[in-house]
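Numbering (full-length UniProt numbering), first residue to last: 1 to 148.
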């Protein structure tokens, strides 16, 4: 049986997308991408704040172990380094109390501040995303004291 070849269908000249239609599609896609990116960045900021809080708790636990062993808190001069390296007077020191020196920096890469208060206690502070005192949102300071 003989079959007859059909001629290929030709699309009309206006069957493709115009430049304007392509531009509109690109604008819509870039708007969607922007919205998604903003959401992802917001989630990352919140996650870093949560990690900073957890790090301050870990430092607080290490300071508690140091205090139980030495019957004192580190001085302002010793700072948090005493959790890794023995102090000048190592009486009672059974450290290191931290395995990783990276815990001394917050998720943004800034060193956690250690300050001794008037009552002999301490305050740990992460300066947030901007590394400066104060701030709002992910740039806000996160503090944790001995009694907290």
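Glycine included, every Cβ here is placed at the ideal spot set by N, Cα and C.
Since the structure is predicted, the reported quantities are computational estimates derived from the model, not experimental observations.
Classify residue i as buried or exposed, calling it buried when 16 or more other Cβ atoms lie within 10 Å of its own Cβ.
| i | result |
| --- | --- |
| residue 126 | buried |
| residue 107 | buried |
| residue 55 | buried |
| residue 128 | buried |
| residue 100 | exposed |
| residue 49 | buried |
| residue 148 | Any reading at residue 148 must be qualified, since the residue scores a pLDDT of 48, below 50, and its modelled position is unreliable; the value itself is stated next. It is exposed - the Cβ of residue 148 has fewer than 16 other Cβ atoms within 10 Å. |
| residue 52 | buried |
| residue 136 | exposed |
| residue 25 | exposed |
| residue 82 | buried |
Compute the distance between the beta-carbons of residue i and residue j, then report whether it is under 8 Å.
| i | j | result |
| --- | --- | --- |
| residue 112 | residue 59 | yes |
| residue 116 | residue 143 | no |
| residue 73 | residue 121 | yes |
| residue 141 | residue 134 | yes |
| residue 95 | residue 86 | yes |
To the nearest whole angstrom, what separates the beta carbons of residue i and residue j, a pair I think is in contact under 8 Å?
| i | j | result |
| --- | --- | --- |
| residue 45 | residue 138 | 4 Å |
| residue 97 | residue 66 | 5 Å |
| residue 92 | residue 71 | 7 Å |
Looking only at C-alpha atoms, which of the options sits nearest to residue i?
| i | options | result |
| --- | --- | --- |
| residue 104 | 34, 95 and 84 | 84 |
| residue 76 | 57, 27, 4 and 118 | 118 |
Can a CB atom of chain C be found closer than 8 Å to the CB of residue i?
| i | result |
| --- | --- |
| residue 50 | Chain labels in this structure do not include chain C; a single protein chain is all it has. |
Those runs of the beta strand (DSSP E) which lie wholly inside the region 54 to 124 and span at least 3 residues = 113 to 116
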